[in-house]
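A short worksheet on the structure shown next.
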Amino acid sequence: MPTNEIVIKPTTDLFIAALWSAPKNEPILRSLLNAVMTDIGQPVIVKATVLNPFNIQDRAVDKQIRLDVLVEDETGAIYNIEVQTDSHKGFFDRMLYYWAEIYGTGLQRSERYEDLRPVHSIVITEFSVFRQLKQLHAVFEIRARENPAVLLSTHFQMHVLRLGDLLRNNLSGLDDLCKDLQRWMQFWAFGKQLEENKMNAILHDSPDVLQAYEEYKRFTADTVMWEKIKERERFLIDQRLLRGYAIREGREEGREEGKIETARNLKRLGVPAATIAEATGLSLTEIERLD
4 MPTNEIVIKP TTDLFIAALW SAPKNEPILR SLLNAVMTDI GQPVIVKATV
54 LNPFNIQDRA VDKQIRLDVL VEDETGAIYN IEVQTDSHKG FFDRMLYYWA
104 EIYGTGLQRS ERYEDLRPVH SIVITEFSVF RQLKQLHAVF EIRARENPAV
154 LLSTHFQMHV LRLGDLLRNN LSGLDDLCKD LQRWMQFWAF GKQLEENKMN
204 AILHDSPDVL QAYEEYKRFT ADTVMWEKIK ERERFLIDQR LLRGYAIREG
254 REEGREEGKI ETARNLKRLG VPAATIAEAT GLSLTEIERL D
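Under our numbering, think of the first position of the sequence shown as 4, with each following residue one higher.
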């Protein structure tokens, strides 16, 4: 493994996108989806097709790119999977916005409401969220307040896998998950930290998660991948600096015209719309209208 100050964790966005996008890794991707769905008693899927494949060799990693993975199963249901390493104001509003964007795309294709398909968001958080909840696998749906057994629609479902809380609470709650989801959480949490023989012992009863671990070891031993990771990390550092600048300037510019000008300049620099909204107080719709 190359010597470098950059740490490649099993949750590193480039590795995750490369792992789940590779056609040969379809059983690994399907294993994750089935671990999430069977953990709440829903049927397994038999096919997982990536709709936005990511080829790390062909893509520039020093640009603003979304590294979520969009998957379709054999019934047409959609799964949007992503890892989030940093919390920020409006985080879950952004998650809801992404869900709505994907859901709305289905209507654009057919223009018939009855053709809309379920969209399941699966978000892996490395930071602590929903500390008032006990379950590491938090599931959000649209239900009646009077009687939660009444579900408005099966089309919305958001799963939050609280990886940060697993570590914060000394592994409390891990045993409440189904076996395969336990193994996925252990892989993400300890794949970088534990010795190889210990990880093999933990994952031995989940072959697909063990195969993901093998892919991770190959990835971290590849010098080309290390260079890609370094490029990505430099870009992300620049983005964090821009975000800090945006927040400071947005606070200093109290006037509406100042906010709009700041938003327009940041948009030209390629700063994400969610970050601009946080800095200026403008809505995502207002930001989209800026030229």
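Each residue gets a CB set at the ideal place from its N, CA and C atoms; glycine is no exception.
Classification of residue i by the beta-carbon crowding that lies within 10 angstroms, buried from 16 upward
| i | result |
| --- | --- |
| Ser90 | exposed |
| Arg186 | buried |
| Met188 | buried |
| Val10 | exposed |
| Asp294 | exposed |
| Gly107 | exposed |
| Ala266 | buried |
| Asp71 | buried |
| Gly2 | Here the chain comprises residues numbered 4 to 294, so residue 2 is not present and cannot be evaluated. |
| Leu269 | buried |
| Ala152 | exposed |
| Ile127 | buried |
| Val122 | buried |
| Thr157 | exposed |
| Leu155 | exposed |
| Val227 | exposed |
| Asp211 | buried |
| Thr223 | buried |
Own chain residues within Cβ distance below 6 Å of residue i, not counting five before or after
| i | result |
| --- | --- |
| Thr88 | Glu129 |
| Ser209 | Asp183 and Arg186 |
| Ala38 | Asp183, Leu184 and Trp187 |
| Glu289 | none |
| Gly93 | Glu281 |
| Ile205 | Gln189 |
| Leu287 | Ala276 and Ala280 |
| Arg146 | Leu154 |
| Thr177 | First, the residue type needs correcting, since residue 177 is Leu and not Thr in the sequence shown. Closer than 6 Å at the Cβ level, and outside the excluded window around Leu177, lie Gln185. |
| Lys12 | Lys195 |
Neighbourhood of residue i by C-beta distance below 7 Å, restricted to the same chain and skipping five residues each side
| i | result |
| --- | --- |
| Glu75 | Thr52, Leu54 and Ile81 |
| Asp42 | His140, Leu180, Cys181 and Leu184 |
| Glu77 | Ile48, Val49 and Lys50 |
| Gln135 | none |
Cβ-Cβ separation, residue j to residue i (assumed contact under 8 Å), whole Å
| i | j | result |
| --- | --- | --- |
| Thr15 | Ile232 | 7 Å |
| Arg235 | Leu17 | 6 Å |
| Ile84 | Ile125 | 5 Å |
| Phe133 | Glu144 | Actually they are not in contact, since the Cβ atoms of Phe133 and Glu144 sit about 15 Å apart, beyond 8 Å. |
Spatial neighbours of residue i in its chain, beta-carbon cut-off 8 Å, leaving aside the 5 residues before and after
| i | result |
| --- | --- |
| Leu110 | Tyr116, Asp118 and Leu119 |
| Arg148 | none |
With a threshold of 8 Å, are at least 3 pairs of Cβ atoms found where one atom belongs to the region 198-209 and the other to the region 161-168? Contact between the region 198-209 and the region 161-168 is absent, because fewer than three Cβ pairs lie under 8 Å.
Inter-stretch contact (C-beta, 8 Å, three-pair minimum) for the region 165-176 and the region 133-150: Yes, since at least three Cβ pairs between the region 165-176 and the region 133-150 fall closer than 8 Å, the two stretches touch.
I'd like to know if the region 19-30 and the region 171-184 are in contact, where contact means that at least 3 CB-CB pairs between them fall below 8 Å. Cβ pair count under 8 Å is below three, so no.
Is it a yes or a no for the region 13-27 touching the region 213-222, going by three-plus beta-carbon pairs under 8 Å? With three or more CB-CB distances shorter than 8 Å, the region 13-27 counts as touching the region 213-222.
Contact between the region 261-268 and the region 276-293 is defined here as three or more beta-carbon pairs at a separation below 8 Å; is this criterion met? The way I'd put it, the region 261-268 does touch the region 276-293; three or more beta-carbon pairs between them come closer than 8 Å.
Which runs of the alpha helix (DSSP H) fall wholly inside the region 90-139 and span at least 4 residues, in chain order? The qualifying runs are 94-113.
Answer yes if the region 46-60 comes into contact with the region 99-106, meaning at least three C-beta pairs across the two stretches below 8 Å, and no otherwise. The region 46-60 and the region 99-106 do not touch, with fewer than three beta-carbon pairs separated by less than 8 Å.
Sequence ranges, beta strand (DSSP E) only - wholly within the region 136-210, length at least 3: Residue ranges of uninterrupted beta strand (DSSP E) with 3 or more members, entirely inside the region 136-210 and ordered along the chain, are 140-143 and 159-165.
Mind pulling the alpha helix (DSSP H) runs of 4 or more residues that sit fully within the region 19-50? As far as the region 19-50 is concerned, its whole alpha helix (DSSP H) runs of at least 4 residues are 29-41.
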